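Trainee:
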Amino acid sequence: MAVEIVSVEQDTVSPLESPKGSSAGFPSVDAKAIINSGAGGVSYWATEKFKGSGTYDFVLGFDRGREPKKGDAVKVVVRVVDERGGVLASAAQVVIWELGNEGNEK
70 MAVEIVSVEQ DTVSPLESPK GSSAGFPSVD AKAIINSGAG GVSYWATEKF KGSGTYDFVL
130 GFDRGREPKK GDAVKVVVRV VDERGGVLAS AAQVVIWELG NEGNEK
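The structure is reproduced here in structure tokens:
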């Protein structure tokens, strides 16, 4: 089994629309984003029930005041976990955040 991160898109949303984490049970596919190796914050986990091979879309949200800032290194981690929570496959991709701080105030 392999995981591939196809794309990472940067955007902002209203705090009322920001995801606050999810729980799908196991087995699952989950994702999170880590800002500056954790020093800048970590997103909420986003989770979907594993339904086999295919594409899974996630929207990752951050606590207010802990959003990425322009120039931050944001590492996106995606994992597939089995019914016991063991990691079957994972992938990570680092992107440099391009949105300016003014974008975080939407």
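Numbering-wise (the working numbering), the sequence shown opens with residue 70 and increments by one. We put the beta carbon where it would ideally sit given N, CA and C, even for glycine. Fair warning: this is a prediction, and the values are worked out from it, not measured in the lab.
Using DSSP with H/G/I as helix, E/B as strand and the rest coil, what is residue 97?
Mentor: strand
Trainee: Are the CB atoms of residue 147 and residue 102 nearer to each other than 8 Å?
Mentor: no
Trainee: Determine, using beta carbons only, whether residue 141 and residue 109 come nearer to each other than 8 Å.
Mentor: yes
Trainee: Give a yes or no on whether 8 Å exceeds the smallest Cβ distance from residue 132 to chain B.
Mentor: Absent from the structure: chain B. Only one protein chain is present.
Trainee: For residue 140, name the three-state secondary structure that DSSP assigns.
Mentor: coil
Trainee: DSSP three-state call for residue 112: helix, strand or coil?
Mentor: coil
Trainee: Quick check: the Cα distance between residue 114 and residue 130, rounded to an integer number of angstroms?
Mentor: Residue 114 and residue 130: Cα-Cα distance of roughly 8 Å.
Trainee: Would you list the residues sitting across from residue 103 in a DSSP beta bridge?
Mentor: 111, 144
Trainee: In terms of alpha-carbon separation, which member of 91, 111, 95 lies closest to residue 150?
Mentor: 95
Trainee: Determine the closest residue to residue 112 out of 70, 145, 121, 72, with distance taken between C-alpha atoms.
Mentor: 145
Trainee: Determine the direct distance from the alpha carbon of residue 166 to that of residue 75, and round the result to whole angstroms.
Mentor: Residue 166 has its alpha-carbon roughly 17 Å from the corresponding atom of residue 75.
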